[in-house]
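Numbering (our numbering), first residue to last: 7 to 266.
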């Protein structure tokens, strides 16, 4: 065996160090497109809070729905372009906390709950805490639960219930001050459903890249056309029905299990 020249060894060490530094430098970068969509969703949630503080409750509610669309796009874009990253996952979770946790609660509080006193701010806090716990539990359950279902109501859906209610109320010029004590339980219940053990369909098994029959495309177009007639009411009803589907399915499974 021949011994390696010490000068050659000393030359290889800096080369290896430089290569490692380049690898770390590359790893510090982030993917632009999915994180840009996440940033846009975060901005929509922040705008909803500002709009509610200025009394523009309809714009605030619409901004939360815009955040939902952007939140649905960033994950799918990341998977389709193979640009998933741990940074993106954590950033998305933090953006969701603002857009679907803090924003809906503050919009509802500014719109009606402030007139309910301590009951109002407590209901808003229950919603915020439920969103935080829901997101934390979701992050820890990735890879260990069936992807076809969510355990607990997803935070965007809970936000849809609250934001849809505000949108409908402002559209029909409902005096929210007189219904504050009725609105508070709805907001609090939405927060509780997020940390419940009810199962909700995630619809992640739908393959958007695959081929579908022409009838499916026609049905989607018809649904969008119907929603466009009265988006506030129909979107709110869709999210309310979805929120109720978890407890309803749990009751049906319980009855089926005990009747066999």
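Backbone N, C-alpha and C define an ideal beta-carbon position, used for all residues, glycine too.
**Study point:** Inter-residue Cα distance where the pair is residue 67 and residue 180
**Key:** 15 Å
**Study point:** Cα-Cα separation between residue 258 and residue 170, rounded to whole angstroms
**Key:** 27 Å
Exercise for review: For residue 161, I'd like the list of residues in its chain whose CB is within less than 7 Å of its CB, leaving aside the five on either flank, ordered along the chain.
Suggested key: 102, 106, 107, 137, 140, 141 and 200
Review point. What are the boundary residues of the alpha helix (DSSP H) that residue 128 is part of?
Key: 124–147
Check your understanding: Curious, which full-length alpha helix (DSSP H) runs of at least 4 residues does the segment 70–108 contain?
Key -> 92–103
Practice item. Determine, using beta carbons only, whether residue 174 and residue 114 come nearer to each other than 8 Å. Key: no
Check your understanding: When the Cα atoms are used, what is the spatial distance from residue 135 to residue 69?
Key -> 21 Å
**Study point:** Alpha-carbon spacing of residue 230 relative to residue 243, whole angstroms
**Key:** 14 Å
Practice item. Whole angstroms is fine: what's the gap from residue 148's alpha carbon to residue 235's? Key: 38 Å
Practice item. Measuring alpha carbon to alpha carbon, tell me which of 61, 206, 116 and 100 ends up nearest residue 159. Key: 206
Check your understanding: If you follow the alpha helix (DSSP H) that residue 260 is part of, which residue opens it and which one closes it?
Key -> 237–265
Exercise for review: With DSSP as the reference, label residue 53 as helix, strand or coil.
Suggested key: helix
Practice item. For residue 219, count neighbouring Cβ atoms within 10 angstroms of its own Cβ and tell me buried if that reaches 16, exposed if not. Key: exposed
Review point. From residue 262 to residue 209, what distance separates their C-alpha atoms?
Key: 24 Å
Exercise for review: Would you kindly work out how many angstroms separate the C-alpha atoms of residue 253 and residue 130, rounded to a whole number?
Suggested key: 22 Å
Practice item. Please determine, among 185, 43, 50 and 222, the residue with the shortest C-alpha to C-alpha distance to residue 123. Key: 185
Practice item. Would you list the one or two residues that DSSP bridges to residue 207? Key: 155
Exercise for review: Taking only the alpha-carbon atoms, compute the straight-line gap between residue 97 and residue 265 and give it to the nearest angstrom.
Suggested key: 46 Å
Review point. Since residue 161 is in the alpha helix (DSSP H), which residue starts that stretch and which ends it?
Key: 161–177
Check your understanding: Rounded to whole angstroms, how far is the Cβ of residue 133 from the Cβ of residue 197, which I believe are closer than 8 Å?
Key -> 4 Å
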